[in-house]
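Heads up, the thing below is written out as C-alpha cells.
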Amino acid sequence: MKIKLTRKHFALLPFISGMLLFMQVMSVMASSTPSLRQVITDGTQTIDIVYGSGTTVGSPAFSLSALGFSFSSQTSTGTLGGSTQKIRVYNPTADATWTVSMAATSGTSAVWSGSGTSYDFNDSGTDGSDDADSDSKGGRLTVDASVSTVAGVPDDSTCSPSTGISKGSSSAFQEVATAVSSITLLTGSASATTYCRWDLTDVSLSQVVPESQPSDTYSLGMTLTIL
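Letter 122 of the sequence shown, counting from 1, is numbered 417 in the numbering used here, and no numbers are missing.
Structure below.
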C-alpha cells in the first residue's frame with residue numbers, strides 16, 4: 296500500500312518530532328533509580344586516658360611510690376599508664392604524622408603541692424638541691440618513654456604499633472640551663488598507619504625529692520597533648 300504525503304503532512308513532521316523528544320525527556324526525568332550520596336570527613340587527632348573498657352577516665356591519677364621522711368634526698372618512682380588507665384592516641388585522619396608530649400599544666404613555675412609546702416619538678420640537679428630557678432625549690436622529674444608499651448586498640452587489628460611509631464627517650468624537666476618544658480612520649484612518622492588508635496602504657500617516672508621534705512600528700516598536674 297502506498298502512502299502519499301501531502302504538504303500538510305510534511306508540516307506536521309517537526310511537531311511530531313518535538314513531541315517524541317519531549318516524551319523522551321519526560322521519561323528521563325521520571326527515572327525511578329535515584330543515586331544516594333554520602334560524605335565522610337576526617338576527624339581530629341586527639342588523646343585521652345581510658346579504662347580497660349575504653350571509656351574515658353573522669354579524673355585520671357597516677358601514683359609514685361611512697362617515701363618516708365628523710366634528712367637526705369630520695370627518689371620516688373612510678374608509671375604513667377597501665378592496664379586500668381591507658382593513654383589512648385586517636386588519629387582519625389589521613390595525616391600519618393603526630394607527636395604526643397607531656398608538660399606541666401601550670402607551666403615551668405609548677406611545683407608538687409602539699410597542704411602547706413611544696414617541691415620542684417624541673418631543677419637541673421640530680422641531688423634534689425635548688426638550682427636558683429623561679430621557685431627556689433629543689434626536685435627533679437624524669438620521664439622515660441623508651442621502656443613503655445605501645446599496642447593497637449583490639450578493635451583496630453590493622454593498626455600496627457611497630458610501623459612508623461617511635462617511643463620517646465628518657466628526659467628530665469628543667470627550667471634553667473638546657474630548658475626542657477615538654478617531653479615527647481610517642482611519635483607517628485609518615486609511614487605510620489592512618490585512621491588508627493593506639494594505647495600507650497608503662498611510661499617510667501622518677502622524681503628526686505629534696506631532703507627534709509615534710510610529711511604530706513603532694514600532687515602535680517600534667518597535660519598530655521598531640522600535635
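All C-beta atoms in this analysis are idealised placements derived from N, C-alpha and C, irrespective of residue type, glycine included.
Given the structure is predicted, the values throughout are model-derived calculations rather than measurements.
Which same chain residues, not among the five before or five after residue i, have their C-beta less than 6 Å away from its C-beta?
i: R435; result: D418, A467 and V503
i: Q469; result: N417, S419 and V475
i: L519; result: I342 and M397
i: P509; result: T412
i: S477; result: S396 and A398
Just reading off the beta strand (DSSP E) that residue i is part of, what are its end residues?
i: D494; result: C491 to T496
i: D343; result: T341 to V345
i: K381; result: K381 to N386
i: S443; result: Where S443 is concerned, there is no enclosing beta strand (DSSP E), given that its DSSP letter is neither H nor E.
i: T437; result: R435 to D439
i: K432; result: Taken as a continuous stretch (DSSP letters only), K432 belongs to no beta strand (DSSP E), as it is neither H nor E.
i: Q369; result: Q369 to L375
i: L480; result: S477 to G483
Flag this pair as yes or no: are the beta carbons of residue i and residue j separated by less than 9 Å?
i: S413; j: S501; result: no
i: L480; j: I382; result: yes
i: S404; j: D430; result: yes
i: T496; j: T388; result: no
i: W393; j: T482; result: yes
i: S368; j: G409; result: no
i: S455; j: T488; result: yes
i: V352; j: D494; result: no
i: F357; j: G338; result: no
Do you know how far the Cα of residue j is from the Cα of residue i?
i: S486; j: M517; result: 29 Å
i: S499; j: L359; result: 10 Å
i: K297; j: T328; result: Residue placement at K297 is flagged as unreliable, the pLDDT there being 48, under the threshold of 50; the coordinate-derived value follows with that caveat. Taking the straight line from one Cα to the other gives about 44 Å.
i: E506; j: Y513; result: 15 Å
Spatial neighbours of residue i within its chain, please: CB distance less than 8 Å, with the 5 preceding and 5 following residues excluded, ordered by chain position.
i: A361; result: S371
I'd like the list of long-range same chain contacts for residue i, defined as Cβ closer than 7 Å, with 5 residues on each side in sequence excluded.
i: F366; result: E506 and S507
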